[in-house]
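Going by my numbering, the residue at position 378 of the sequence shown is 373; the numbering climbs one at a time, nothing skipped.
Here a beta-carbon is modelled for each residue, glycine too, at the ideal position from N, C-alpha and C.
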Amino acid sequence: MRAHAIVKKVFEAATKWSKLLSLLLPPPLRPPTLPILPAELIELILLRLPARSLLKFKRVCKSWKTLISSSDFTKNQVQLSIMAEPAISEIHLVYTNLLRHSDSKIGFISIQSLLENLSFGTEVVYFPMDDCVKILGSCNGFLCLNNHPKNTDFKVRLLNPCTGLASEWLTLFASDYNQRRPPITNFGFGYDHVNDKFKILAVVESSTRIYTFGEYSWISVQDIPLHPLEWNGTFVTGTGTFNWLATKIASFITYPVHQTTIVVLSFNFGNKSYGQIALPNFEGGMIHREPVLVTLRNSLCVCHEYKKSVWDLWMMKEYGNEDSWTRMFVISHDEELIPRAHGIGIRPLHMMENDLLLVLVRPPWYQLAVYNPANKGDRFGYPVINYYSSDDDMPNYNNPRGCFYVYRESLVSPSHYGLKTDHVWLWDDDDDDN
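Structure representation (C-alpha cells):
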C-alpha cells in the first residue's frame, strides 16, 4: 500500500476515534474537531511508511523532523521494514560499472519497475561517484563500498543511497611503495544485532580479522577452518551471521562431487566464532555444478544442479536447524539459458511475495530473468528481461560473483554509528533537508 493511502486510512480512523470520544467524554474533555493523535500513535504510523516518503514528511513540522531524524526511529524503521513488513520498503538491485579506472557509477534497478515492464525493459538509474568503487555488500539500508584499484590502500565507506549520506573513507589496510596491501582471500560485511554494530570480516591468508565501524580498530579471532568456494558470501539478516559454501579441499574442485564434500561455513559477528551447517539431502546425493548460496526472504538458501538442466532451490526455514531445509522449487530450463561450458549456472537474486524468483542466467554475459513456479512448462515463466540504461557507460554485467546486491531503502545514517558523515548525492532533487 502506498504511503498516502496508509496516511489516509490512519486519519480516517483517527477521525472516527475523535468522534467516539466526543460522545463519551464531557465537554471540557472532548477533543477538538480535528483529531490530535498521541505522539506514540504518530510514531507507530510513521514507522510503517517508506523511507522516501518519510524524507518528505520531515517537512511537516519540527517535531516530525526531530523524530524521523533520530537514531532510534531510523533503526526501528529499518528493522520493521526488513523483518516484519518488507512490503513498505522500496527494493532495488544495485551494481557498479568497473570498466573505467578514474571513477564509477552505481546503477539501481527498481524491482517493482522491472516486474511491471517485463516485455519492455527497465531503465537503470545511475549515480556518478568521485572514486572508482566496488560494492562489497548490502545490509540494513547501507551499501559497503571499496576503492577498487588494487595497488592502493584498501578503503571502505558506508553509503545510504536513499539519503545520499556516506561515511568518510576508512583505511583498513595500508600499502606502501614497496609492498601492496595484504591479499584478502575472503570478505564479509554484516550487522551485529546483539551489539548494534556494522562489521567487516576479512581473511588474510587464513587469519580472520574483524573491523567494527565506529571503533576504528581490528581484532583477530580464530583462523578460518575451511576453504570457501567464493571470495564473498551472504549475510542472513536477523541472525548476525555471514555464510559461505566451503570445503576442506584446498585445491580446485572437479564436479560432480558428493554433497558431503561441501558445507555451509558461518561466522557469527556477535560471538566472533565459526560454525558449520550441513547441506540438505539432495536427490542422488551428488552436486554436478558449483552450487550457489544466497539469502532470500531473510533465509539462507542453496541452489544446485542435481541433474542436467534441472536445478533445486532449498531454503533453511529456521537458521541453524538442519532439519528445516525445505525444497522450494525444481527449476527446469533450456540449455541455451545456462550453457554447460560455464561453471556457475542459475544465481537467485530475490524472491517476491508471490514466489516469483528473480535470477541471473546465460553465463558468462549474465541477464536477468523471472522464474514463475506456477508455470508447469519447462521454460521460465517469463522471457529473459532486457534492460537498458539511461547512461551509455553502464555496462552489461559479466561477473556473477558478487555482481548484484539487493538494497532496501532506509533512513539509517553513518553518524548513528559514530562515523563522520558527508553528503555524496541525493536520490531525488526534491528530497533535500536530510
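Along the chain, which unbroken stretches of the beta strand (DSSP E) at least 3 residues long are found entirely within the segment 162 to 245?
Complete beta strand (DSSP E) runs here, min 3: 165 to 168, 179 to 187, 192 to 199, 202 to 207, 213 to 216, 229 to 231, 236 to 242.
Could you tell me the boundaries of the alpha helix (DSSP H) in which K70 lies?
66 to 74
Segment limits, alpha helix (DSSP H) that includes K447
Because the chain in this structure spans residues -4 to 429, residue 447 falls outside the shown range and cannot be described.
Work out the CA separation of V354 and G413 for me, nearest whole Å.
37 angstroms
Which residue marks the beginning of the beta strand (DSSP E) containing K51, and which one marks its end?
Not the beta strand (DSSP E): K51 falls in the alpha helix (DSSP H), residues 46 to 52.
Among the residues of its own chain, which have a CB less than 8 angstroms from the CB of S268, if the five just before and after it don't count?
V216, Q217, F262
Cβ separation of L138 and V231, assumed to be a contact under 8 angstroms, to the nearest whole Å
Rounded, the Cβ-Cβ distance is 18 angstroms, inconsistent with contact.
Within its chain, find whatever has a CB closer than 7 angstroms to the CB of V325; leave out the 5 residues flanking it on each side and keep chain order.
Setting aside the 5 residues that flank it on each side, V325 is surrounded in the same chain by V305, D307, each with a C-beta closer than 7 angstroms to its C-beta; the list follows chain order.
Just how far apart, CA to CA, sit H283 and W213?
C-alpha separation (whole angstroms): 39 angstroms.
Taking just the CA atoms, how far does L363 sit from N112?
About 13 angstroms.
Sub-8 angstroms separation of I479 and T242 beta-carbons
What the structure shows of the chain is the stretch from -4 to 429, and residue 479 is not part of that stretch, so it cannot be assessed.
Report yes if the CB atom of I83 is closer than 8 angstroms to the CB atom of R43, and no otherwise.
yes
Alpha carbon of I104 to alpha carbon of V401, nearest angstrom
C-alpha separation (whole angstroms): 10 angstroms.
Contact defined as beta carbons within less than 8 angstroms: I believe I130 pairs with T180. What is the distance between those atoms, to the nearest angstrom?
That belief does not hold up - the Cβ atoms of I130 and T180 are roughly 19 angstroms apart, past 8 angstroms.
Would you tell me roughly how many angstroms separate the C-alpha atoms of S162 and S246, rounded to the nearest one?
39 angstroms
Could you give the distance in angstroms between the alpha-carbon of A369 and the alpha-carbon of C157?
34 angstroms
Please report how far the alpha carbon of P286 lies from the alpha carbon of N155, in whole angstroms.
The straight-line gap from Cα to Cα measures roughly 31 angstroms.
Taking 6 angstroms as the limit between beta carbons, can you name the residues of its chain near I86, skipping five residues before and five after?
Excluding positions up to five away in sequence, the list reads I106, R403.
Can you tell me where the alpha helix (DSSP H) with E35 in it begins and where it stops?
Note, E35: alpha helix (DSSP H), 34 to 42.
Going along the chain, which residues of its own chain have a beta-carbon closer than 7 angstroms to the beta-carbon of V189, five neighbours each way excluded?
Beyond the five residues adjoining it in sequence on each side, V189 comes within less than 7 angstroms, by CB distance, of G235, G265 in the same chain, given in chain order.
Cβ-based burial, Y211 [other Cβ within 10 Å; buried from 16]
exposed
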